[in-house]
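**Q** If you read the sequences in order, they're chains G and Z.
Our numbering puts the first residue of the first sequence at 1, with every later residue one more than the last.
Our numbering puts the first residue of the second sequence at 218, with every later residue one more than the last.
Ideal placement from N, C-alpha and C gives every residue a C-beta, glycine not left out.
2 protein chains.
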Amino acid sequence: MAKPGAPSNVAGESGGRSAETRRLLIEAAVTTLQSEGYAGASARAIAERAGSNQGLIFYHFGSVANLLLAALDAVSSARMERYGESVAEVGTTGELVETATDIFRSDLDAGYITVLVEMIAGASSTPGLGAEVAARIEPWKAFAQDAIEHSLHGSPLGALLPSEDIAYAVVALYLGLEMLSHLEGDRQPALALFAHAQRLAALFETMTVTPTTREAK
Amino acid sequence: MAKPGAPSNVAGESGGRSAETRRLLIEAAVTTLQSEGYAGASARAIAERAGSNQGLIFYHFGSVANLLLAALDAVSSARMERYGESVAEVGTTGELVETATDIFRSDLDAGYITVLVEMIAGASSTPGLGAEVAARIEPWKAFAQDAIEHSLHGSPLGALLPSEDIAYAVVALYLGLEMLSHLEGDRQPALALFAHAQRLAALFETMTVTPTTREAK
DNA sequence: GTCTATACTTGGATAGAC
DNA sequence: GTCTATCCAAGTATAGAC
Chain G
1 MAKPGAPSNV AGESGGRSAE TRRLLIEAAV TTLQSEGYAG ASARAIAERA
51 GSNQGLIFYH FGSVANLLLA ALDAVSSARM ERYGESVAEV GTTGELVETA
101 TDIFRSDLDA GYITVLVEMI AGASSTPGLG AEVAARIEPW KAFAQDAIEH
151 SLHGSPLGAL LPSEDIAYAV VALYLGLEML SHLEGDRQPA LALFAHAQRL
201 AALFETMTVT PTTREAK
Chain Z
218 MAKPGAPSNV AGESGGRSAE TRRLLIEAAV TTLQSEGYAG ASARAIAERA
268 GSNQGLIFYH FGSVANLLLA ALDAVSSARM ERYGESVAEV GTTGELVETA
318 TDIFRSDLDA GYITVLVEMI AGASSTPGLG AEVAARIEPW KAFAQDAIEH
368 SLHGSPLGAL LPSEDIAYAV VALYLGLEML SHLEGDRQPA LALFAHAQRL
418 AALFETMTVT PTTREAK
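1) Which residues, in chain order, does the region 78-111 of chain G contribute to contact with chain Z at a C-beta distance below 9 Å?
2) Assess, as a yes-or-no matter, whether the region 267-276 of chain Z is touched by the region 136-148 of chain G under the definition of 3 or more beta carbon pairs within less than 8 Å.
3) Is Z:Ser368 close to the ligand ATP? I mean its beta-carbon at under 8 Å from any heavy atom of the ligand.
4) Is the distance from the Cβ of G:Ser124 to the Cβ of Z:Gly257 below 9 Å?
5) Once DSSP output is grouped into helix, strand and coil, what is the label at Z:Asn283?
6) Excluding the 5 residues flanking Z:Glu230 on each side, which residues of the same chain have their C-beta closer than 7 Å to its C-beta?
7) For G:Leu96, which of G:Val170, G:Arg23, G:Arg44 has the nearest alpha-carbon?
8) Z:Ala340 lies in the alpha helix (DSSP H); which residues open and close that run?
9) With respect to the alpha helix (DSSP H) encompassing Z:Thr249, which residues constitute its N-terminal and C-terminal limits?
10) Return yes when the Cβ of Z:Phe421 is within less than 9 Å of the Cβ of Z:Thr310, no when it is not.
11) I want to verify the contact list: residues of chain G whose CB lies under 8 Å from the CB of Z:Ala376, in sequence order.
12) Buried or exposed for G:Leu160, please, with buried defined as at least 16 other CB atoms from any protein chain shown within 10 angstroms of its CB.
13) With a Cβ-Cβ cutoff of 9 Å, do Z:Leu333 and Z:Glu395 count as a contact?
14) Using CA coordinates, which residue listed in G:Asp146, G:Ala144, G:Ile148, G:Glu118 is at the minimum distance from G:Leu183?
15) Using three-state DSSP, classify G:Val75 as helix, strand or coil.
16) Go to Z:Ser350, then tell me how far its alpha helix (DSSP H) extends in each direction, as first and last residue.
17) How about G:Val64 and G:Ser42: are their beta carbons less than 9 Å apart?
18) Can you tell me whether Z:Gly393 is buried or exposed? The criterion is at least 16 other CB atoms within 10 Å of its CB, across all chains shown.
19) Leaving out the 5 sequence neighbours to the left and right, which residues in its chain are closer than 7 Å to G:Glu98 when beta-carbon positions are compared?
20) Let me make sure I understand the geometry here. Which of Z:Lys358, Z:Glu237, Z:Thr249 has the alpha-carbon closest to that of Z:Tyr391?
21) Consider the Cβ of Z:Ser368: report whether some Cβ of chain G lies at a distance smaller than 9 Å.
22) By the criterion of Cβ-Cβ separation under 9 Å, what are the contact partners of Z:Ala364 in chain G?
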């Protein structure tokens with residue numbers, strides 16, 4: 001391996017001049033993707049935001065696409081960490097929906113899903129990028145499936161539909177809601193849906209706690 | 218008005234040299250958006266596909282963005298026409314889901330939703346484009362809401378959730394499923410979801426025909 | 001090893017030919 | 001009115017300076 005676009009930086013020096021530059025570029029790449037989209041995320045635009053020379057992108061990452069993938073990685077890993085904490089506390093379906101609402105709101109406000117959406121849509125224009133992006137979506141699907149299995153375990157809905165398929169739909173809906181919210185500059189309709197989901201989850205739970213509670217009328 | 222980018226072509230001549238060029242360009246714009254994405258839909262790329270000079274795009278449409286919007290319009294109106302026919306025959310929720318499946322499959326295969334997705338994602342990079350695209354999504358939402366109201370009218374689910382909110386979710390899911398299917402080059406998971414929805418719709422109908430059927434146990 | 005100055009390519013837009 | 005030749009800006013990538 002040892003390709004030119006990935007300097008080793010072996011020394012024990014703690015500062016890490018190279019690492020700092022890389023960090024700045026990745027941060028700028030995230031911001032640029034969010035506000036200018038994939039088509040606007042050029043080497044020049046990103047470098048300007050990072051306050052560095054555009055040539056550095058090719059030295060440190062080999063290509064713009066590679067830098068954007070690094071940006072996607074950074075966002076993904078940061079989010080996964082947060083998700084992991086939240087989902088550990090989830091038991092019932094109602095709690096799951098509540099947690100999902102919180103996560104969605106903060107993801108939406110921070111523009112994390114925007115990065116994902118732009119990379120997916122942008123992948124069409126850069127050969128080979130699609131597979132890389134697809135691989136980075138897998139953890140999101142796996143996470144969703146995991147959360148669903150934990151909270152729907154033993155529930156009727158869980159018996160009716162494979163958790164893998166539900167997870168696929170959840171991720172798709174997540175992406176779609178971001179697109180519409182972002183486009184219209186209005187997160188309200190999407191959040192209204194989560195409110196509905198919470199109501200339905202509550203209703204669903206009371207309906208199916210046990211069939212025998214019915215006779216207590 | 219009478220802006221330079223929109224020639225009048227007033228004469229009664231049926232051929233329409235200008236109209237033909239415009240048609241070719243719009244067609245090529247659709248194809249290019251589908252296979253190269255928004256970032257790859259440059260004037261040169263589109264013109265090459267159309268077999269014409271790239272300068273014609275600016276003469277006929279004023280800018281690349283305007284041509285892409287025209288392409289989106291063409292796709293939208295073509296689809297709306299087909300949708301209108303299909304939904305007229307829909308009565309029950311089960312039929313609605315069945316019709317939605319057919320529509321989704323053909324839209325997916327023909328790449329129509331791809332055009333929508335690329336335009337939404339691409340809008341971030343071109344000032345002013347977002348509002349134009351948003352306006353062109355309205356008919357899709359209105360159509361979905363209309364179809365939902367027709368088939369859910371009087372049903373319990375219809376009473377539980379506002380049709381406008383369901384429509385929003387449906388459009389979002391539609392977009393998200395396209396993104397994932399396109400990215401992974403596999404439409405199977407998305408179609409599996411529609412199959413589940415059909416099963417659930419059938420189950421839902423038998424469960425809620427009338428509450429009094431329960432006593433017949 | 002890190003970064004900058006420069007080379008070359010592609011893209012948007014228009015002046016002017018027909 | 002329709003189209004083409006041409007211009008300049010913006011993009012990627014690298015040769016070479018430090």
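**A** To lay it out plainly:
1) For the region 78-111 of chain G, the set of residues with a beta-carbon nearer than 9 Å to any beta-carbon of chain Z is empty.
2) No: the two stretches stay apart, fewer than three of their Cβ pairs being nearer than 8 Å.
3) Absence of the ligand ATP is noted for the structure shown, with no ligands found whatsoever.
4) Taking the first residue of the first sequence as position 1, residue 124 of chain G is located at position 124. Taking the first residue of the second sequence as position 1, residue 257 of chain Z is located at position 40. Taking 9 Å as the Cβ cut-off, G:Ser124 and Z:Gly257 qualify as a contacting pair.
5) As a working mapping, residue 283 of chain Z is identified with position 66 in the second sequence. Under the three-state reduction of DSSP output, Z:Asn283 falls in the helix class.
6) To locate residue 230 of chain Z, count along the second sequence from 1; it is residue 13. Because Z:Glu230 carries a pLDDT of 46, less than 50, the predicted location of this residue cannot be relied on, and no value is offered for it.
7) Here residue 96 of chain G refers to the residue found at position 96 of the first sequence. Of the listed residues, the one whose Cα sits closest to G:Leu96 is G:Val170.
8) In the second sequence, the residue the question calls residue 340 of chain Z occupies position 123. Premise fails: Z:Ala340 is in no alpha helix (DSSP H) and is neither H nor E.
9) Residue numbering aside, residue 249 of chain Z sits at position 32 when the second sequence is read from its first letter. 234-257 is the extent of the alpha helix (DSSP H) around Z:Thr249.
10) Locating residue 310 of chain Z in the second sequence gives position 93, counting from the first residue. Locating residue 421 of chain Z in the second sequence gives position 204, counting from the first residue. A contact, by the Cβ cut-off of 9 Å.
11) One-based indexing of the second sequence puts residue 376 of chain Z at position 159. Within chain G, no residue comes near Z:Ala376; the closest Cβ sits about 12 Å away, beyond 8 Å.
12) Your numbering for residue 160 of chain G matches position 160 in the first sequence. The C-beta of G:Leu160 has fewer than 16 other C-beta atoms within 10 Å across all chains shown, which makes the residue exposed.
13) Within the second sequence, numbered from 1, the residue matching residue 333 of chain Z stands at position 116. Within the second sequence, numbered from 1, the residue matching residue 395 of chain Z stands at position 178. The Cβ atoms of Z:Leu333 and Z:Glu395 lie closer than 9 Å to each other.
14) Walking along the first sequence from the start, residue 183 of chain G turns up at place 183. In terms of Cα proximity to G:Leu183, the closest of G:Asp146, G:Ala144, G:Ile148, G:Glu118 is G:Glu118.
15) As a working mapping, residue 75 of chain G is identified with position 75 in the first sequence. The answer is helix: DSSP assigns G:Val75 an H, G or I state.
16) One-based indexing of the second sequence puts residue 350 of chain Z at position 133. Note that residue 350 of chain Z corresponds to Val in the displayed sequence, not to Ser. The continuous alpha helix (DSSP H) containing Z:Val350 extends over residues 346-369.
17) In the first sequence, residue 64 of chain G corresponds to position 64, counting from 1. In the first sequence, residue 42 of chain G corresponds to position 42, counting from 1. Contact check for G:Val64 against G:Ser42 passes: the beta carbons are separated by less than 9 Å.
18) For the purposes of this step, residue 393 of chain Z is taken as the residue at position 176 of the second sequence. Label assigned to Z:Gly393: buried.
19) On the first sequence, position 98 is the one that residue 98 of chain G refers to. Result list for G:Glu98: Gln198, in chain order.
20) Here residue 391 of chain Z corresponds to residue number 174 of the second sequence, with the count starting at 1. That would be Z:Lys358, whose Cα lies nearest to the Cα of Z:Tyr391.
21) Within the second sequence, residue 368 of chain Z is the residue found at index 151, counting from 1. Using a Cβ-Cβ cut-off of 9 Å, Z:Ser368 does not count as an interface residue toward chain G, since no Cβ of chain G sits closer than that to its own.
22) Position 147 of the second sequence, counting from 1, holds the residue named residue 364 of chain Z. Within chain G, no residue comes near Z:Ala364; the closest Cβ sits about 17 Å away, beyond 9 Å.
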